[in-house]
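Written out below as structure tokens is the structure these notes cover.
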Amino acid sequence: MKAIVCVKQVPDTSGVVAVKEDGTMDRAAMATITNHDDLAAVEAALRIKDATGCKVIVVSMGPPPAESMLRELLARGCDEAVLVSAREFGGSDTYATSQILAAAIKKIGLESDDIIFCGRQAIDGDTAQVGPQIAEKLGLPQISYAAEITVEGKAVTVKRLLEDGYMMLRVQTPCLITCVKELNEPRYMSVPGIVDCYSKPLAVFNYETLKDDPLVDLDTIGLKGSPTNVYKSFSPPVKGAGMMLEGADKATCDKLVSLLDAKHMI
Amino acid sequence: MDLHLSKEHEMLRKMYREFAENEVKPLAEEVDETEEFPAETVKKLGKLGMMGIYFPKEYGGAGADVLSYAMAVEEMSKVCGTTGVIISAHTSLCCAPIFEHGTEEQKMKYLPKLCSGEWIGAFGLTEAGAGTDAQGQQTTAVDAGDHWVLNGTKIFITNAGFAHVFVIIAVTGSTVDKKGRKRKEISAFIVERDFPGFSVGKHEKKMGIRGSSTCELIMEDCIVPKENLLGKLGNGFKIAMQTLDGGRIGIASQALGLAEGAVEEAVKYTKERVQFGKRISEFQNTQFQLADMHTRTEAAKWLVYSAAMKKQNHEDYSADASMAKLFAAETASDVTRRAVQLFGGYGYTREYPVERMMRDAKITEIYEGTSEVQRMVIASHLGVK
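Protein sequences, first through last, are from chains A and B.
First residue of the first sequence? That's 1 in our numbering, and the numbers climb one at a time after it.
First residue of the second sequence? That's 1 in our numbering, and the numbers climb one at a time after it.
Shown next, in the form of structure tokens:
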């Protein structure tokens, strides 16, 4: 058994969002972090490793600097990393990205008791589409929004977090699960983990590596293979500070009503 | 010459910072206020490999280097001086002498549990009459055939209330030096908390590092197995001095962290505080103060890192460790005092952390060799007699 985790390096939204003149994001000018939901996916896989001793492989598609993120995940306890990186893959939207990642997973090799973990969505694109699309392209059952995962042999039981409640589902491996950050508290890197992380295997899959897969065609990957067009990226205008009223007494309520009335909100 | 940190060191710094921000900083005020030893934090430190950073993996260590250890103490001390000294005393004063002078059996018995944080370590040298004058030892160890019998009292022992393993310095006899003078023969022992006749005495109430457990150790006919002699008989003073050389890197790192923490707090505060219709950071006095504070702190950092690298490379680092500790400790005291001044009245209250940092900083000029002792060591390395 092994766990394959798809992860993405995203801009650190606690910092400045830089936008280029053409409206696309200036990723090089922004500090980066591992996407929060993806860290939950990594932690879910590592907990299965703690319980079963299975191997955990992290996969990321991105430019070469994404290696630093993969090394950090190796320092948390993952065993191997794959960086999917090529000029041909640049500009991919969710459709093209899932074509490439599905091909990369096939290249790694999927066995009958394997589980693929993804974060629910990335904080930059917020689409929540890549995980489900990978499952479709690999013909695997998928469960999204996992808030609790139990693995017993080849049966995986997942509690899905929905807006108005929970849903329990059980699937057979191999399967794909997308995780929400509420699933767990990701562990820290450890000192011995950091000492070892540069000697753990990190493979780079480029266009040459994956080009024989039918999913990877120059018309279905990269900017050309992406049906999505980004119209504009921008920092939203800063909202003014809110006003807090405290107390449940009549005077406070009257004040609230008059404030809302003055703004024509009631 | 490359003054850049390696990728691994940068990654360690990132991890230490995340841990310090999330796990240590939120407790720092309470640890100081209640004088409670942060035992839960120590367990977490152990789990992440921070209680045995530079020891090899075969002894349960994390397999990193001395600089990685110095950086851990630095980053924890930025937010909590107590947590910094717990790691420092445990690593430098207990794990290190066992690793450097212990037999293979001693190393295999003690280091894995110390490095995992399951056991905490401490070091017993200081006595009521033997502080800076460490030769004035009164604690005795008598050979009783199949075991040693220790008698005496140690004071001001860091980590004592929570430690399981103690490296204890005691007089084992007398000897005559080259000049024909009678000298005490001093040896080192590994003593466990539950050895018969061993007890922990009075807990000191301190000005700073209040969550650190500082106590007396009392040995009344304490039975220590023969195999727990550390190093050769009569080598205790040398072991103690070498141990303190290493310890000074840890305390220098603690002082460095305290200074860095105070600069960070002062930069943040002076950019927010408004007086005379201006942020106080706009006043040139504030800018010059902060520039001086930062410059001194950076200079201290390179002295500390250089001493750590020399120890790692097995070079003679004794004077370097003393210079690092002297300069970093005096910097910590100066910088934290100036930070309180920049905060004004608020700096004197416990609402902000800088008064705690100022109290914590003072001890770095005193323990593991006062600043005066460091000057003696440095002068002797210059050949100035």
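Beta carbons: idealized from backbone N, C-alpha and C, even for Gly.
Rounded C-alpha distance that separates residue i from residue j
i                        : j                         : result
leucine 233 of chain B   : valine 151 of chain A     : 58 angstroms
aspartate 93 of chain A  : proline 227 of chain A    : 7 angstroms
serine 333 of chain B    : alanine 339 of chain B    : 10 angstroms
glycine 236 of chain B   : glutamine 135 of chain B  : 10 angstroms
glycine 102 of chain B   : alanine 379 of chain B    : 31 angstroms
proline 56 of chain B    : glutamine 138 of chain B  : 35 angstroms
lysine 232 of chain A    : valine 158 of chain A     : 37 angstroms
glycine 61 of chain B    : proline 112 of chain B    : 7 angstroms
glycine 124 of chain B   : lysine 154 of chain B     : 6 angstroms
threonine 295 of chain B : threonine 349 of chain B  : 26 angstroms
alanine 44 of chain A    : glutamate 58 of chain B   : 29 angstroms
lysine 7 of chain B      : aspartate 133 of chain B  : 43 angstroms
alanine 89 of chain B    : leucine 74 of chain A     : 30 angstroms
serine 371 of chain B    : leucine 5 of chain B      : 29 angstroms
threonine 286 of chain B : methionine 265 of chain A : 47 angstroms
threonine 297 of chain B : alanine 361 of chain B    : 13 angstroms
leucine 256 of chain B   : tyrosine 305 of chain B   : 10 angstroms
glutamate 100 of chain B : isoleucine 239 of chain B : 9 angstroms
Proximity of residue i and residue j at Cβ, strictly below 7 angstroms
i                         : j                            : result
isoleucine 221 of chain A : glutamine 99 of chain A      : yes
isoleucine 53 of chain B  : valine 191 of chain A        : yes
isoleucine 87 of chain B  : valine 73 of chain B         : yes
isoleucine 242 of chain A : alanine 96 of chain A        : One point to set straight first is that residue 242 of chain A is glycine, not isoleucine, in the sequence displayed. Not a contact, by the Cβ cut-off of 7 angstroms.
methionine 61 of chain A  : valine 84 of chain A         : yes
leucine 230 of chain B    : phenylalanine 198 of chain B : no
glycine 117 of chain B    : valine 42 of chain B         : yes
methionine 1 of chain A   : cysteine 78 of chain A       : no
glutamine 121 of chain A  : proline 132 of chain A       : no
methionine 30 of chain A  : methionine 15 of chain B     : no
glycine 152 of chain B    : proline 38 of chain B        : no
serine 187 of chain B     : threonine 172 of chain B     : yes
serine 77 of chain B      : glutamine 254 of chain B     : yes
glutamate 227 of chain B  : threonine 214 of chain B     : no
isoleucine 194 of chain A : leucine 12 of chain B        : yes
valine 262 of chain B     : threonine 336 of chain B     : Just to set this straight, residue 262 of chain B is alanine in the shown sequence, not valine. Contact: yes.
alanine 324 of chain B    : alanine 299 of chain B       : no
valine 224 of chain B     : leucine 150 of chain B       : yes
glutamate 88 of chain A   : tyrosine 198 of chain A      : no
Cβ separation of residue i and residue j, assumed to be a contact under 8 angstroms, to the nearest whole Å
i                         : j                         : result
leucine 161 of chain A    : valine 180 of chain A     : 5 angstroms
alanine 170 of chain B    : threonine 140 of chain B  : 6 angstroms
alanine 104 of chain A    : valine 42 of chain A      : Not a contact, Cβ separation roughly 17 angstroms.
glycine 81 of chain B     : isoleucine 249 of chain B : About 16 angstroms; that fails the 8 angstroms criterion.
asparagine 184 of chain A : isoleucine 123 of chain A : Not confirmed; about 18 angstroms, so no contact.
histidine 164 of chain B  : isoleucine 120 of chain B : 6 angstroms
threonine 173 of chain A  : isoleucine 115 of chain A : 6 angstroms
lysine 271 of chain B     : arginine 279 of chain B   : 6 angstroms
Residue span of the beta strand (DSSP E) that contains residue i, given as start and end
i                        : result
valine 171 of chain A    : 165-172
valine 10 of chain A     : 9-11
proline 225 of chain B   : 214-225
lysine 202 of chain B    : 198-203
lysine 183 of chain B    : Residue identity check: residue 183 of chain B is arginine in the sequence provided, not lysine. That run of the beta strand (DSSP E) goes 182-192.
threonine 209 of chain A : That residue, threonine 209 of chain A, is in no beta strand (DSSP E); its alpha helix (DSSP H) goes 207-210.
N- and C-terminal bounds of the alpha helix (DSSP H) containing residue i
i                       : result
alanine 18 of chain A   : Premise fails: alanine 18 of chain A is in no alpha helix (DSSP H) and is neither H nor E.
valine 191 of chain A   : 191-197
lysine 200 of chain A   : Careful: lysine 200 of chain A lies outside any alpha helix (DSSP H) and carries neither H nor E.
leucine 245 of chain A  : No alpha helix (DSSP H) contains leucine 245 of chain A, which DSSP labels as neither H nor E.
valine 31 of chain B    : 25-34
arginine 337 of chain B : 318-343
arginine 13 of chain B  : 7-19
glycine 173 of chain B  : Unbroken run through glycine 173 of chain B is the beta strand (DSSP E), 165-176; no alpha helix (DSSP H).
arginine 47 of chain A  : 36-52
Secondary structure of residue i, DSSP reduced to three states
i                         : result
tyrosine 145 of chain A   : strand
asparagine 285 of chain B : helix
valine 216 of chain A     : coil
arginine 359 of chain B   : helix
isoleucine 266 of chain A : coil
isoleucine 378 of chain B : helix
methionine 50 of chain B  : coil
cysteine 94 of chain B    : helix
tryptophan 302 of chain B : helix
aspartate 113 of chain A  : coil
cysteine 78 of chain A    : coil
aspartate 143 of chain B  : strand
valine 238 of chain A     : coil
Chain C residues whose Cβ lies nearer than 7 angstroms to that of residue i
i                       : result
glutamate 72 of chain A : Chain labels in this structure do not include chain C; the protein chains are A and B.
Any non-hydrogen atom of the ligand SAH closer than 6 angstroms to residue i Cβ
i                       : result
isoleucine 4 of chain A : The ligand SAH is not among the ligands present in this structure, which contains no ligands whatsoever.
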